[in-house]
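Engineer: Attaching a single structure in structure tokens format; questions to follow.
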Amino acid sequence: GVVTDFTETLLIPQGVDGSRDTQGFIMNKARNTSSLNLSSAHNHALYDHGYDSYVEVNDTPTLDFGTGNFSLECWAKAIYRAKTIGSSSSLNTILAIGGGIADSDGAGLGSLNSTKLAFYVGGQLCQADATYTEGNWYHVVGVREGTGSNEIKLYINGDVQADTETYNGSVTNAHPIVIGSELSDGNPTRQYEGAIDGVKIYNKALSATEVTRNYKATKGSHRN
């Protein structure tokens, strides 16, 4: 029969592949409750004072990758407008390791020119050619591996969308990790307005197989 006057909620976690719960039932509803839902103040004065939402994680030596391999991963819901207040750039920062996403000693993931996703390593740009659709979820992974050519890779939804030459400098700095913004002289700028989920930082270069596995395992909770 139909259950009525029910006042309790039963939460069942997702299964191993993200498309079903632990009981085997299909999970077919996107859930944003566990995501970072970043908002922005639509007021220039507030932007100038850095009143925007972001997450700051204290610096730690374990996140100084130097000249070694590393990978950045997250889910991001696309935005289609540039936040240029407080910055002369049309870049919106999803995740920054270091003060600025494009600094010579930093790295990060971002949205460039409001239509394309990008991966920066030491100022070296690796940008996808394809434009994205506003409001859709995208699984974004940036990988730096080795010292040869085409060893900076940007994966979107499990597939390589761009690669470029390796930045041979050192990704080492004393700045915090920032999600949804970056810090310039301690002030937030280039803010990202939208949802971000599943941020992961690896001290190794993820393989194409690992990227695809991570994408498939979590896409059930990020339906468009």
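Counted the way the working numbering counts, the sequence shown spans residues 5 to 228. We treat Cβ as the ideally placed atom computed from N, Cα and C, and that holds for glycine.
1) Measure the CB-CB distance between E127 and E186 and report whether it falls below 8 Å.
2) State buried or exposed for D9, treating a residue as buried only when at least 16 other CB atoms are found within 10 Å of its CB.
3) From the DSSP output, which residues share a beta bridge with L42?
4) What separation, rounded to the nearest whole angstrom, lies between the Cα atoms of P65 and S211?
5) For G150, does the count of other Cβ atoms within 10 angstroms reach 16, so buried, or fall short, so exposed?
6) Could you check how far apart the C-beta atoms of N161 and K81 are, in whole angstroms? I think they sit under 8 Å.
7) Quick check on E138: buried or exposed, where buried means 16 or more other Cβ atoms within 10 Å of its Cβ?
8) My output table needs one value for A100: the three-state DSSP class, helix, strand or coil.
9) Straight-line CA distance for H226 to C78?
10) Going straight from the alpha carbon of V175 to that of S108, what length do you get?
11) When DSSP labels each residue in this structure, what does E186 get in the three-state scheme?
12) Quickly, what does DSSP pair S115 with across the bridge? List them, please.
13) According to DSSP, simplified to helix, strand and coil, what is L210?
14) Are the beta-carbon atoms of S75 and G146 separated by less than 8 Å?
15) Residues in the same chain with beta-carbon distance under 8 Å from I200, minus the five sequence neighbours each way, listed in chain order, please.
16) Just the C-alpha distance for V125 and K157, rounded to the nearest angstrom, thanks.
Structural biologist: To lay it out plainly:
1) Start at 1 with the first residue of the sequence shown, and residue 127 comes out as number 123. Start at 1 with the first residue of the sequence shown, and residue 186 comes out as number 182. Contrary to the premise, residue 127 reads as Gly rather than Glu in this sequence. No. Outside cutoff.
2) Translated into positions along the sequence shown, residue 9 becomes position 5. Here D9 is exposed. Its C-beta has fewer than 16 other C-beta atoms within 10 Å.
3) Against the sequence shown, residue 42 aligns to sequence position 38. Paired residues: G198.
4) Position 61 of the sequence shown holds residue 65. Position 207 of the sequence shown holds residue 211. Distance between the alpha carbons of P65 and S211 is about 24 Å.
5) Within the sequence shown, numbered from 1, the residue matching residue 150 stands at position 146. Flag for G150 reads exposed.
6) Position 157 of the sequence shown, counted from the start, is the residue given in the question as residue 161. Position 77 of the sequence shown, counted from the start, is the residue given in the question as residue 81. Not really, about 13 Å apart at Cβ, beyond 8 Å.
7) For this step, residue 138 is matched to residue 134 along the sequence shown. When all chains shown are included, E138 counts as exposed.
8) Here residue 100 refers to the residue found at position 96 of the sequence shown. For A100, the secondary structure class from DSSP, reduced to helix, strand or coil, is strand.
9) One-based indexing of the sequence shown puts residue 226 at position 222. One-based indexing of the sequence shown puts residue 78 at position 74. When the Cα atoms are used, H226 and C78 turn out to be separated by approximately 11 Å.
10) As a position in the sequence shown, residue 175 is number 171, starting the count at 1. As a position in the sequence shown, residue 108 is number 104, starting the count at 1. Taking the straight line from one Cα to the other gives about 8 Å.
11) For the purposes of this step, residue 186 is taken as the residue at position 182 of the sequence shown. When secondary structure is reduced to three states using DSSP, E186 falls in the strand class.
12) Against the sequence shown, residue 115 aligns to sequence position 111. Looking at the DSSP output, S115 shares a beta bridge with N96 and L121.
13) By one-based count along the sequence shown, residue 210 stands at place 206. It is coil, neither helix nor strand.
14) The count along the sequence shown starts at 1 and reaches residue 75 at position 71. The count along the sequence shown starts at 1 and reaches residue 146 at position 142. Yes, they are a contact pair.
15) The residue given as residue 200 occupies position 196 in the sequence shown. Excluding the 5 residues flanking it on each side, I200 has same chain C-beta neighbours closer than 8 Å at S39, L40, L42, C78, W79, A80, K81, I98, L99, I183 and G184, in chain order.
16) Mapped onto the sequence shown, residue 125 falls at position 121. Mapped onto the sequence shown, residue 157 falls at position 153. The alpha-carbon atoms of V125 and K157 are separated by roughly 10 Å.
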